[in-house]
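Contents: one structure, followed by commentary.
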Amino acid sequence: MMDYVTAWKDRIRGDEEERVKLFQEAMDAAIHAAQILVDEFGASKVYLFGSLLNIDDFTIHSDVDIAVEGLKVELYFKALNHIWAILPRGVGIDLVPLEDAGESLKAKIFEIGAILYEKRLAYP
Numbered sequence: 002m003m004d005y006v007t008a009w010k011d012r013i014r015g016d017e018e019e020r021v022k023l024f025q026e027a028m029d030a031a032i033h034a035a036q037i038l039v040d041e042f043g044a045s046k047v048y049l050f051g052s053l054l055n056i057d058d059f060t061i062h063s064d065v066d067i068a069v070e071g072l073k074v075e076l077y078f079k080a081l082n083h084i085w086a087i088l089p090r091g092v093g094i095d096l097v098p099l100e101d102a103g104e105s106l107k108a109k110i111f112e113i114g115a116i117l118y119e120k121r122l123a124y125p
């Protein structure tokens, strides 16, 4: 019986280590994605929202939820494709243009979201 309990404890510990590792990889990818959206696709601001905001809410089935301000409509799919390429295997992306988001989603993002990246204006 003790071997059975020990085996389950080891499995749970291994699952938790995998979840934490995936969380860090997803967070790194989200930060990189934000930089890409601003630097390469002209977005003005990028927010992180959803389960990636809190490691306790993140599961191995979580995706990366990013809201973007200032991304031109015609560049959306090109940007999305670029971001897919940098995500950890098995992790999806939900890229939400704020200009198209509903008011309740916008309110949620502004209330609990975190700014990942913001284009700064240069002052003369």
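Quick note on numbering: my numbering labels position 98 of the sequence shown as 99, and the sequence is numbered without any gaps.
Glycine residues also receive a C-beta, built at the ideal position from the N, C-alpha and C atoms.
Check: So, with DSSP's three-state summary, where would you put aspartate 1?; Outcome: Nothing about residue 1 can be read from this structure; the chain reaches only from 2 to 125.
Check: What's the gap between the Cα of leucine 117 and the Cα of threonine 60?; Outcome: 21 Å
Check: In the DSSP assignment, find the unbroken beta strand (DSSP E) run with phenylalanine 50 in it and report its ends.; Outcome: 46-50
Check: Given a cut-off of 9 Å on the beta-carbon distance, is the pair leucine 99 and tyrosine 48 in contact?; Outcome: yes
Check: In whole angstroms, what separates the C-alpha of leucine 54 from that of arginine 20?; Outcome: 14 Å
Check: Who are the Cβ neighbours of glycine 71 in its own chain at under 6 Å, not counting the five residues just before and after it?; Outcome: Ala44, Ser45
Check: As an exercise, report each continuous alpha helix (DSSP H) stretch of at least 4 residues that is fully enclosed by the region 62-118, in chain order.; Outcome: 77-85, 104-113
Check: Helix, strand or coil for alanine 34, going by three-state DSSP, please let me know.; Outcome: helix
Check: One question on the structure: do alanine 80 and glycine 114 come within less than 9 Å of each other, judged by their Cβ atoms?; Outcome: no
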